[in-house]
Amino acid sequence: MIAPMGDAETVMERCDLLARCSEEPGRLTRRFATPALSEARDLVEGWMRDAGMATRRDPLGNLIGRLEGGGGRALALGSHIDTVPDAGRYDGPLGVLVGIACAERLRDARLPFALEVVAFADEEGARFRTAFLGSAVTAGRFGPEWLSRADDDGVTLADAIRAWGGDPDALAAGRRDDLLGYLEVHIEQGPVLDRLGIPLAIVTGIAGRTLASVVFEGSAGHAGTTPMDGRRDALAAAAEWIVDVEADARRRDGLVATVGELDTRPGAANVIAGRAVASLDVRHADDGAREAAVAALRERAAAAGAARGVEVTWEERQATSAVPCSPELTERLAAAAGADAPRLASGAGHDAAMIAAVAPVAMLFVRCRAGVSHHPDESVRTEDVAAAIDAATRFVERFEP
Amino acid sequence: MSGRAAAYPRRVPGLHDAIARLAEFNDDPAAGGVTREVFTPTYGRALDWVAELMEGTGMETRIDAFGNLWGRWEGAEPGLPRVVTGSHVDTTLNAGRYDGVVGVLGAIEAVRSLREAGHGPRRSIEVVSFAGEEPRFGTGCIGSRALVGQLEPEDLERLRDRDGVSLADALRGAGLEPGRVPEARIDPDAVHAFLELHIEQAAVLEAYGEPIGVVTAIAAPHDFRLRLRGAATHAGATPMDLRRDALAGASEVMLELERLARSSPSGTTVGTVGVIRAHPGAINVVPGEVELDVDVRDSDLGAREAVVDGLLEAARQIAARRRLELEVEPIVRDTPVDCSETVVEAVVAACEEAGLPYRRMTSGAYHDAMIMAAKVPVGMLFVPSAGGVSHHPDEYTAPEQIDAGVLVLAGALARLAA
């Protein structure tokens with residue numbers, strides 16, 4: 003057996019090697035079904051075989067490595083190997099490579115179940131703007147209507163799947179009803195562990211999410227000649243609401259609410275904004291708490307508008323329920339990770355949320371520097387990766403089907 | 008077109024037809040208003056059309072080194088300081104059809120009517136169409152600034168539009184040479200007076216039922232750009248208390264501006280943020296950087312500066328509390344202007360001769376006249392704006408209201424040029 007630090011170093015080196023598989027020179031961009039992703043998948047497949055696993059691909063192109071054990075059903079570890087544009091190198095690949103490191107350690111363990119490592123081919127959705135394509139196939143939740151979606155070059159998803167060797171007509175066969183459980187190791191993508199100075203966290207669940215567009219409609223007017231008390235300034239109303247969103251979210255434990263986009267029209271320095279459109283992203287691990295917050299923020303928007311004669315239209319674009327991790331697997335993971343690992347809800351979405359439809363899931367977060375993610379500065383420590391491999395290996399060793 | 012022979016008389020469209028036709032030079036008709044920013048191809052075609060109109064009215068035309076269009080009606084004593092009138096034909100985004108246009112096409116109509124009446128001025132009268140009154144490049148009135156020497160060579164590179172095009176490149180695109188911009192400067196001693204006809208862009212004349220506003224002072228803007236930098240982090244994974252949200256900070260700044268302007272003791276201060284950009288501008292990312300363009304105006308310089316100082320102090324405190332970096336980029340800081348008594352009296356006399364009631368008033372909007380005032384005596388007259396609406400497709404001044412303004416302009420020009 004390789005020394006513990008040794009296989010963490012291998013994981014770090016492999017993250018570096020995968021980072022070279024990119025669509026663009028000088029920065030890491032690896033979207034679904036691109037040559038860069040094929041290249042990365044080939045590397046991962048080789049490492050799976052080196053760890054003694056048999057490999058196969060499902061009809062979408064997800065890569066599965068399998069170490070046979072007793073019984074036909076499998077415990078799976080995994081994550082995704084696609085990236086956002088100009089990405090960091092750990093978001094996704096870390097979970098796959100930690101899984102391979104576990105398999106390497108357990109290759110001769112004769113487990114009473116099969117151990118699989120899954121490398122999902124699309125989680126970020128950067129090419130077709132449909133996130134979780136890979137795990138959706140595994141969970142049997144792939145929408146056939148997605149196949150006709152086109153990327154920016156007009157290539158449909160169906161053609162992209164075919165072009166890289168998959169079979170868009172057989173995706174239903176990718177559904178897995180034989181999984182005993184699924185563990186995903188992932189970087190936190192937030193600053194909590196870095197603040198606490200702790201390497202690992204146990205994820206209690208993946209937050210539910212509401213996305214909305216809030217339209218403030220006032221009246222454009224001349225910035226010099228319209229007195230302050232004669233204005234219907236859409237941007238001023240939006241500003242009051244944005245401050246309210248932050249203040250309200252701070253008062254609600256575990257809630258995050260973000261206005262990330264703000265567009266004003268006509269958008270000239272000497273014209274009062276007649277229209278402002280703000281995006282809203284609200285997340286909480288408890289659906290009731292999220293819905294209560296959304297209702298309050300909606301009232302706040304109406305009040306900010308009413309104070310200025312500005313009409314407010316609320317367009318809810320998407321609402322997804324929270325996905326709790328399996329309490330049983332989570333307790334086992336907590337026992338495997340050690341007493342000091344805090345419990346966090348994941349504000350970000352992950353493949354585990356999809357897989358929860360067909361198997362009990364658990365997630366382990368690894369500290370990343372300053373919480374930076376989706377950025378080339380994404381960074382994790384080798385010793386934290388070693389801790390994650392140890393915890394995941396103990397989790398698998400002690401797993402009882 | 009410099010030196011092109013003026014063939015007069017030629018058939019030209021009437022004033023109101025001309026206003027309607029100029030509105031057809033439009034880069035965004037689908038939006039419902041007029042978009043004709045300075046130095047665009049559409050603007051260039053519009054300017055050519057205006058030049059033809061001037062020539063058809065017997066004026067000799069030229070384009071100066073900054074792209075300002077001039078039409079000249081030579082007086083009996085061409086050596087005397089001349090009388091200048093005019094405004095601008097560029098627009099802001101999705102604007103109306105009267106702002107600026109009335110002052111250019113109205114001036115051409117005033118010259119036409121004076122000629123038709125057999126009037127022969129002693130001083131030459133020139134009609135100018137200023138290049139770039141609206142702030143495509145962040146700063147307004149760049150055409151008149153070039154005339155009075157308020158544009159430095161480094162400004163031409165520094166000033167950029169929202170797409171990052173520099174003023175220098177825009178000039179080149181319009182066939183002008185940035186290095187020659189200083190040649191556009193006027194000799195102040197050769198200008199007797201500048202008089203600008205403009206729509207009011209406010210509802211005071213409408214409220215009092217008066218057809219003419221005689222402007223005695225012009226409010227001036229203090230414009231600057233604030234840049235707040237925090238950290239662009241994951242909207243799901245970053246707890247509220249660990250964020251450095253530049254947009255939330257910018258929103259606090261905007262509310263403070265609204266509060267300060269509303270409570271300004273002058274009662275006439277206005278403060279506006281019309282443009283804000285949040286980066287990276289993604290639904291699932293906390294904004295890491297925000298730029299906002301702040302515009303504060305008043306005819307009372309002290310009251311205006313008190314609001315600006317208060318806002319900058321508040322912005323510094325907000326930035327410090329939120330751990331944001333704050334950067335302040337100056338854009339423009341103009342001085343409010345008192346109009347020339349000579350010009351005001353000429354306009355008043357023209358109103359009285361025409362039997363039109365008038366109101367002495369301050370202009371809340373700035374105009375090229377405010378810039379010209381740095382070097383020459385200026386005045387302005389206003390015609391009503393329906394509902395005070397301007398910089399908007401619904402901007403409207405009735406034809407008979409414009410005719411009244413042109414009548415007064417012609418009378419005042421005749422007096423000033425006598």
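Chains as they are written, first to last, in the working numbering: chain A, 3 to 403; chain B, 8 to 425.
Note that the Cβ used here is the ideal one computed from N, Cα and C, for glycine as well.
The structure presented is a predicted model; accordingly, all values stated were derived computationally and were not measured.
Contacts of residue i in chain A (Cβ-Cβ under 9 Å)
i: B:Leu249; result: Gly192, Pro193, Val194, Arg197, Gly373
i: B:His199; result: What B:His199 touches in chain A: nothing, since even the nearest Cβ is about 28 Å away.
i: B:Pro142; result: Ala270, Ala271, Asn272
i: B:Ala327; result: Chain A residues near B:Ala327: none, gap ~17 Å exceeds 9 Å.
i: B:Pro294; result: Thr260, Val261, Gly262, Glu263, Leu264
i: B:Leu262; result: Ala238, Ala241, Glu242, Val245
DSSP beta-bridge partners of residue i
i: A:Thr212; result: A:Val284, A:Ala321
i: A:Arg234; result: A:Ser221
i: A:Tyr184; result: A:Ala78, A:Val363
i: A:Leu202; result: A:Val368
i: B:Leu202; result: B:Thr92, B:Gly386
i: B:Gly78; result: B:Thr68, B:Val134
i: A:Phe122; result: A:His82
i: B:Val344; result: B:Ile225
i: A:Glu313; result: A:Glu219
i: A:Arg277; result: A:Glu219, A:Arg267
i: B:Tyr50; result: For B:Tyr50, which the question treats as bridged, DSSP gives no partner whatsoever.
i: A:Gly127; result: Beta-bridge pairing links A:Gly127 to no other residue.
i: B:Tyr365; result: B:Ile219
i: A:Leu65; result: A:Arg59, A:Ala121
Proximity below 8 Å, CB of residue i to CB of residue j
i: B:Thr276; j: B:Ala310; result: yes
i: A:Ala338; j: A:Arg254; result: no
i: B:Ser94; j: B:Ala209; result: no
i: B:Ile206; j: B:Asp302; result: no
i: A:Val205; j: A:Cys327; result: yes
i: A:Ala394; j: A:Leu257; result: no
i: A:Asp44; j: A:His82; result: no
i: A:Arg129; j: A:Ala21; result: no
i: A:Ala303; j: A:Val216; result: yes
i: B:Pro287; j: B:Ala239; result: yes
i: A:Val363; j: A:Leu96; result: no
i: A:Ala102; j: A:Ala53; result: The question names Ala, yet the displayed sequence has Ile at residue 102 of chain A. Yes, the pair counts as a contact, with Cβ atoms nearer than the cut-off.
i: B:Val96; j: B:Leu60; result: no
i: B:Ile225; j: B:Met377; result: yes
i: A:Glu219; j: A:Ala241; result: no
i: A:Asp88; j: A:Pro378; result: yes
Integer-rounded CB distance, given that residue j should sit under 8 Å from residue i
i: A:Ala105; j: A:Val119; result: 6 Å
i: B:Glu217; j: B:Arg366; result: 5 Å
i: B:His126; j: B:Ala421; result: 6 Å
i: A:Leu282; j: A:Ala259; result: 7 Å
i: A:Ala372; j: A:Asp179; result: Contact doesn't hold; Cβ gap of about 41 Å is too wide.
i: A:Thr212; j: A:Glu318; result: 7 Å
Chain B residues whose Cβ lies nearer than 9 Å to that of residue i
i: A:Thr36; result: Result: empty, since nearest Cβ-Cβ is about 22 Å, beyond 9 Å.
i: A:Leu349; result: Per the sequence shown, the amino acid found at residue 349 of chain A is Gly instead of Leu. The contacting residues are His241, Ala242, Gly243, Ala244, Thr245, Pro246.
7 Å Cβ cut-off: residues of chain B touching residue i
i: A:Pro87; result: Near A:Pro87 there are no residues of chain B at all, since even the closest Cβ is about 11 Å away, more than 7 Å.
i: A:Arg285; result: Gly243
i: A:Gly63; result: In chain order: nothing, as chain B lies at least about 25 Å away.
Residues that residue i contacts on chain B, provided the C-beta gap is smaller than 8 Å
i: A:Met230; result: Glu265, Ala268, Arg269, Thr276, Val277, Gly278
i: A:Ala105; result: Those do not exist, as A:Ala105 stays about 28 Å from chain B at its closest Cβ, beyond 8 Å.
i: A:Thr266; result: Gly281, Val282, Ile283
i: A:Ala304; result: Here the premise fails: no neighbours, minimum Cβ distance about 17 Å.
Contacts of residue i in chain A (Cβ-Cβ under 8 Å)
i: B:Gln208; result: His224, Gly226, Thr227
i: B:Ala214; result: Within 8 Å Cβ-Cβ: nothing; B:Ala214 doesn't reach chain A, min ~11 Å.
i: B:Arg304; result: Ala225, Gly226
i: B:Asp300; result: Ala271
Contacts that residue i makes with chain A (C-beta to C-beta distance below 7 Å)
i: B:Val335; result: Near B:Val335 there are no residues of chain A at all, since even the closest Cβ is about 15 Å away, more than 7 Å.
i: B:Glu259; result: Val245
i: B:Asn101; result: Pro268
i: B:Ile290; result: Leu213, Gly262, Glu263, Ser281, Asp283
Heavy atom of the ligand GTP within 7 Å of residue i beta-carbon
i: B:Tyr215; result: Among the ligands in the structure shown, none appear at all, so the ligand GTP cannot be discussed.
Quiz prompt | Secondary structure, beta strand (DSSP E): runs of 3+ residues fully inside the segment 91 to 143 of chain B | solution = Here the runs fully enclosed are 132 to 137.
I'd like the ranges of any beta strand (DSSP E) spanning at least 3 consecutive residues and lying wholly in the segment 220 to 307 of chain B. Taking only runs of at least 3 residues, the beta strand (DSSP E) segments lying wholly in the segment 220 to 307 of chain B are 227 to 236, 277 to 286, 296 to 305.
- What are the start and end residues of each continuous beta strand (DSSP E) run of 3 or more residues lying completely inside the segment 333 to 364 of chain A, in chain order? The qualifying runs are 345 to 348.
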